[in-house]
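Residue numbers (UniProt numbering): 1 to 1271.
Just so it is clear, CB atoms sit at the ideal spot from N, CA and C, and this is done for glycine as well.
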């Protein structure tokens, strides 16, 4: 036991000794090494530094690689690099100290401390080297380019940003006039070019940006028409040369950017009318798939649009396919591989993402497998992957009709806006349309399929109703698919049809569609052999066609035959028709289902009665002798289109009424002497457009809205008492679009006279010159036939209501029972209703969809709405009232809100246009119900400072010839702060702002006031902000200001100095404001960068255009130094765009522009000053007489300013002496100077030059100038 204890005591002792040695001896040894091993530590330092630098190089290379992959470096890596940089810097300092240690007096001591520092740095470098393994090193982030979202259909990725910036920089370079944007089809060239164009126009790089679609082959007249339409003028020349010269003349003026989209070959600019590269007025940006096109067209800069990067494509794909971080991991993995197969092509990514959205993982894997293994045939080099993607989108369509529609659309030319009606009529034989059920059921299926294709981005939306577009790459792929599946289609544009004889493949075609042909001669009989042909469509707006008997006899399988001069249109049919003679062999086409002969002079068409298989007969816009009786026997005929037809014989109505088998009828007989019989009835009719009027404006309306059932009748005369028993009444009550003109027969109302059940299928109702109509709906008339009407709605689907020239109309709705809600009404238009005293909206009407109201020439109308009705106008955008002499209030009644009940919802949040003209008795526009806490009825409306502004989107305000409207403006009108915040009570001010909170409410673009009693227009009473706050100028968006006949107007703007910035004001016209003393007060920042037009007339008290403000005080002080400072400040003022100035009958003006010099008007072209009897100068500035060294002074000390001035007229200026001190006109200026006795032109033009100018002038002008010179 004792030995064991002793043994343990020895262990404890050894442990203690060891610890003592560890804590005492080791530090001593370490310090000894610092003292004795200096050179060893220096060597170790060098090695450690070398190792660390090598590690740093490796890390920096990884950083560069990650950065190139657009990855974000982890913060720990960045900190490591910073620490390495710091420690290596410290080591470098130590290395500089090492050589000097041996030279000190205390060598050992210095080595000791230096070695100690070296050891610490070695330890630090060793630790950094050891900790250089980072996982993760970097990470992929969302593309920052997603932040550059610029429009609904455009995402600004980094790859597109590069091309965007390059194009923009080239556009800024005025030496570059032609730029080529090149890239793969579907890469987004068109979209990018349009975005560049929008930005260029926004930044005023160009006055106008025009986009023209070129396509293949280029149609010169179509391109010219696109350009001319966007420039706002018509090319009326008939010859190609004349049109080109006219267009070139227009493009050479001003500064225009012309975007030529989808160019496939070298364009002849001379033939098009596009100025050459030397012209500085027109820049060209073209988009193309071929760099060779850019080279051949001598583009000064060629910019390539790259495809999306992998991460950009992934970002776009996730958005479209609805994939996020929460999606299944396996799904994300497969989706990544799908995106990789898309190769960054935007159209492929969009199509694939939309197609696979919401599909199962199995569908995704199947899609990936097809992408990886498909091998399409006959695909151009470089387009393989996009074709595979688009083919896969086609394969993934589960709706078979959608697939058929997509194939059908390939029959139309590139960039064609495909009318769904043409698609339905011509494409039926390539798919499943109309094989089962009625045509209307087939149409329903078509619309479902079209929506599927739109959602899948295989169809694109068009700007016109009932039309779609298809991307050209999608079209190419569809043509290939059709060929692969045996549905061979030949679709060409602009070719000679005789060339078909040289194409050996036509014998295998199912469809031949030739567009925009210039020759109407088909191949010889033996050369045009197409035994399998099912569709033949020939289109030419200029030539007729010659069709032989043998030609059609060889097409036994033909199901659709179409000869077209026009598309499916409702517009004017006044054009010269080319001749087309139908051969007798057409009767051999036993399988012909669709025959379309549009816009031709057909002559005898009796042969059509033999086409027993015919289902669709389309003769739109054609003329012929008579409608054959034989079509009555065509039992399969479902659709008859005679819209815009000119028929020699008057038997058409008699034939049509017998066609009881019809499901669709389109009827408008030009110059017909007969009317549609009242006993006509079509029991199977589901769709009809019947017009019996010569009003072409109505055709434009039909073309825009495209109703499925429309009836337009002029002079319909049937007794109102018997109407409901007439067979024709079904056409009235089922119509979606109803136009009635000169209605006769005792109709005092539409409902219940025409339809006691309420016409609830009606969308558009237009009544014109129906002199007996007293109201549209009278719910007080109860008969046995309409007693059930009390329980039904009336006009429940009405969207557009237009009433014109209804002499007996007293109220629009006489509906005490409030059965008419008008909840879908969008547009109300009433004009020339002489007896209309009230619209009388039913009290429960909800006008929540109403967007436009236009009322004109209704002299008895006293008001429009009750307050409860106005409360529902949440979508109203435009309110226009003209020539309603008895109109006193727009919203009638004066509701007491003193009870404290909140009515803050009484707002018009969408109203952007408010135009009131020639309403002599109008007292106010909006009554006190627009807001709360109203103290008197003289204001437009009032709100609390924290309420939502009642007219937040008002852009255009026009009040013209409303003399009693002076009290409408009352205390405050359009803009108003809380009353208590205002410092004073200005009366009759249009816009009174007492708080900076309401800056956003001043959004006027166009303001017109005429013959109203306002004292002021804009007044800003902004309270003190304190010493620590600066009053920031308010940017007013006003573009056009017109103030006419305002007898009480004393000021236009009033407020703090330099507070209001009119950066967008381009035009100002002030006339007949006898109390106005100044146009621009000191409130205005004296820089009007876009002002172009200044016209002031008949302002008797006008003393200054720009108020002198502080300048007048300086003048009184007479301090020369202050004047110099003021002069220097004035150099900052400029009017770079002002090109027209006209001042007339302003007799108190002594100087137009005081403290402005002519150099501030570099763009001035024309100036007129007439009958300003006290005017002495145009420009006046005291200090400039001492400034002889100004730039622009010639050797005689005279300045040639206003370099662009071309025309000046000075007339009846009895005190006028000079334009500007030391100023002379340029020699080429045209002058008309009359009755200016104190003005001596010879002082401003050298006599010799003046005489020379006289001799070279026009005869009449020479006489005027000579007389002036003699005077």
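Length of the line joining the Cα atoms of residue 546 and residue 571: Stepping through the chain shown from its first residue, residue 546 is reached at position 546. Stepping through the chain shown from its first residue, residue 571 is reached at position 571. Approximately 27 Å, taken between the alpha carbons.
Would you kindly check if the distance between the Cβ of residue 1079 and the Cβ of residue 1104 is under 9 Å? To locate residue 1104, count along the chain shown from 1; it is residue 1104. To locate residue 1079, count along the chain shown from 1; it is residue 1079. It is a contact, given that the beta carbons lie within the stated cut-off.
Does the region 582–593 come close enough to the region 395–414 to have 3 or more Cβ pairs within less than 8 Å? Contact between the region 582–593 and the region 395–414 is absent: fewer than three C-beta pairs spanning the two stretches fall below 8 Å.
Classify residue 195 as helix, strand or coil using the three-state DSSP reduction. For the purposes of this step, residue 195 is identified with residue 195 of the chain shown, where counting begins at 1. Residue state, collapsed to three classes: helix.
Got a sec? Which residues, its chain only, sit under 6 Å from residue 226 by beta carbon, not counting five neighbours each side? Residue 226 sits at position 226 when you count from the first residue of the chain shown. Setting aside the 5 residues that flank it on each side, residue 226 is surrounded in the same chain by 212, each with a C-beta closer than 6 Å to its C-beta; the list follows chain order.
Residue 921 to residue 844, Cα distance in whole Å? Numbered from its first residue, the chain shown carries residue 921 at position 921. Numbered from its first residue, the chain shown carries residue 844 at position 844. The straight-line gap from Cα to Cα measures roughly 28 Å.
Along the chain, where does the beta strand (DSSP E) that runs through residue 737 open and close? Here the question's residue 737 lines up with position 737 in the chain shown. Counting along the chain, the unbroken beta strand (DSSP E) around residue 737 starts and ends at 737–741.
Could you spell out the range, first to last residue, of the alpha helix (DSSP H) harbouring residue 245? Position 245 of the chain shown, counted from the first residue, corresponds to residue 245. Residues 240–251.
Within 9 Å, strictly: CB atoms of residue 544 and residue 488: The residue given as residue 544 occupies position 544 in the chain shown. The residue given as residue 488 occupies position 488 in the chain shown. Result no, Cβ atoms of residue 544 and residue 488 do not sit closer than 9 Å.
Less than 9 Å between the C-beta atoms of residue 536 and residue 513, yes or no? Within the chain shown, numbered from 1, the residue matching residue 536 stands at position 536. Within the chain shown, numbered from 1, the residue matching residue 513 stands at position 513. The beta carbons of residue 536 and residue 513 sit closer together than 9 Å.
Can the beta-carbon of residue 794 be found closer than 9 Å to that of residue 761? Mapped onto the chain shown, residue 794 falls at position 794. Mapped onto the chain shown, residue 761 falls at position 761. No, these two residues do not count as a Cβ contact at 9 Å.
In or out: residue 322 buried (at least 16 other Cβ within 10 Å) or exposed? Reading the chain shown from its first residue, position 322 is the one you call residue 322. By the 10 Å Cβ count, residue 322 comes out exposed.
Host beta strand (DSSP E) of residue 766 (start-end): Taking the chain shown and counting its residues from 1, the one referred to as residue 766 is at position 766. Counting along the chain, the beta strand (DSSP E) containing residue 766 begins and ends at 764–768.
Residue 1047 versus 297, 1013, 1055, 1059, residue with shortest Cα-Cα distance: Position 1047 of the chain shown, counted from the start, is the residue given in the question as residue 1047. With distances taken between Cα atoms, residue 1047 lies closest to 1013.
Thinking C-beta only, is residue 178 closer than 9 Å to residue 272? In the chain shown, the residue the question calls residue 272 occupies position 272. In the chain shown, the residue the question calls residue 178 occupies position 178. Contact check for residue 272 against residue 178 fails: the beta carbons are separated by 9 Å or more.
Excluding the five sequence neighbours on either side, which residues of its own chain have a C-beta within less than 7 Å of the C-beta of residue 653, listed in chain order? The count along the chain shown starts at 1 and reaches residue 653 at position 653. Beyond the five residues adjoining it in sequence on each side, residue 653 comes within less than 7 Å, by CB distance, of 674, 676, 677 in the same chain, given in chain order.
Inter-residue spacing [alpha-carbon to alpha-carbon] between residue 166 and residue 303: By 1-based counting over the chain shown, the position of residue 166 is 166. By 1-based counting over the chain shown, the position of residue 303 is 303. Spanning the two alpha carbons is a distance of roughly 7 Å.
For residue 138, which beta-bridge partners are listed by DSSP? Residue numbering aside, residue 138 sits at position 138 when the chain shown is read from its first letter. In DSSP, residue 138 forms a bridge with 73.
Use the C-beta contact count for residue 121: other C-beta atoms within 10 angstroms, 16 or more gives buried, fewer gives exposed. The residue given as residue 121 occupies position 121 in the chain shown. Residue 121 comes out buried.
Residue closest to residue 645, alpha-carbon to alpha-carbon, out of 689, 614, 599: Counting from 1 along the chain shown, the entry for residue 645 is found at position 645. Closest option to residue 645, Cα to Cα, is 599.
Using 8 Å for Cβ pairs, my map puts residue 627 next to residue 661. What's the rounded Cβ distance? The residue labelled residue 627 in the question sits at position 627 within the chain shown. The residue labelled residue 661 in the question sits at position 661 within the chain shown. Going by Cβ atoms, the distance from residue 627 to residue 661 rounds to 15 Å, so no, they are not a contact pair.
I need the straight-line Cα distance from residue 204 to residue 561, nearest angstrom please. Counting from 1 along the chain shown, the entry for residue 204 is found at position 204. Counting from 1 along the chain shown, the entry for residue 561 is found at position 561. Within the model, the alpha-carbon separation for residue 204 versus residue 561 is close to 51 Å.
How would you write the range of the alpha helix (DSSP H) that residue 291 sits in, first residue to last? Taking the chain shown and counting its residues from 1, one reaches residue 291 at position 291. Bounds of the alpha helix (DSSP H) holding residue 291 are 291–296.
Taking residue 409 and residue 470 to be in contact with their CB atoms under 8 Å, please state how far apart those CB atoms are, rounded to whole angstroms. Within the chain shown, the letter at position 409 stands for residue 409. Within the chain shown, the letter at position 470 stands for residue 470. That pair is a contact at about 5 Å.
Helix, strand or coil, according to DSSP, for residue 1144 in the structure here? As a first step, residue 1144 must be located in the chain shown, where it is residue number 1144. Three-state result, residue 1144: strand.
When the Cα of residue 56 is compared with those of 41, 86, 70, 69, which residue comes out closest? The residue you call residue 56 lines up with position 56 of the chain shown. Answer by Cα proximity: 86.
Going by DSSP, name the residue or residues bridged to residue 709. Translated into the one-based positions of the chain shown, residue 709 becomes position 709. In the DSSP assignment, residue 709 forms a beta bridge with 688.
Could you say if the region 656–670 and the region 713–722 meet the contact criterion of at least three C-beta pairs nearer than 8 Å? Here the region 656–670 does not lie against the region 713–722, with fewer than 3 beta-carbon pairs under 8 Å apart.
Residue 539 and residue 564: beta carbons closer than 9 Å? Counting from 1 along the chain shown, the entry for residue 539 is found at position 539. Counting from 1 along the chain shown, the entry for residue 564 is found at position 564. A contact, by the Cβ cut-off of 9 Å.
Tell me the residue span of the alpha helix (DSSP H) that contains residue 409. Start at 1 with the first residue of the chain shown, and residue 409 comes out as number 409. Taken as a continuous stretch (DSSP letters only), the alpha helix (DSSP H) holding residue 409 covers 400–409.
Hey, could you find the ends of the beta strand (DSSP E) residue 1208 is sitting in? Along the chain shown, read from residue 1 onward, the residue named residue 1208 stands at position 1208. 1207–1211 is the extent of the beta strand (DSSP E) around residue 1208.
Within 10 angstroms of its Cβ, does residue 448 collect 16 or more other Cβ (buried), or is it exposed? Along the chain shown, one-based indexing puts residue 448 at 448. Residue 448 is exposed by the Cβ-count criterion.
Spatial neighbours of residue 1354 in its chain, beta-carbon cut-off 7 Å, leaving aside the 5 residues before and after: Past the boundaries of the shown model lies residue 1354; the chain is included only from 1 to 1271, so the question cannot be answered.
Backbone CA spacing between residue 755 and residue 826 [nearest angstrom]: Position 755 of the chain shown, counting from 1, holds the residue named residue 755. Position 826 of the chain shown, counting from 1, holds the residue named residue 826. Residue 755 and residue 826: Cα-Cα distance of roughly 22 Å.
Just the C-alpha distance for residue 557 and residue 427, rounded to the nearest angstrom, thanks. By 1-based counting over the chain shown, the position of residue 557 is 557. By 1-based counting over the chain shown, the position of residue 427 is 427. When rounded, the separation of the alpha-carbon atoms in residue 557 and residue 427 is 15 Å.
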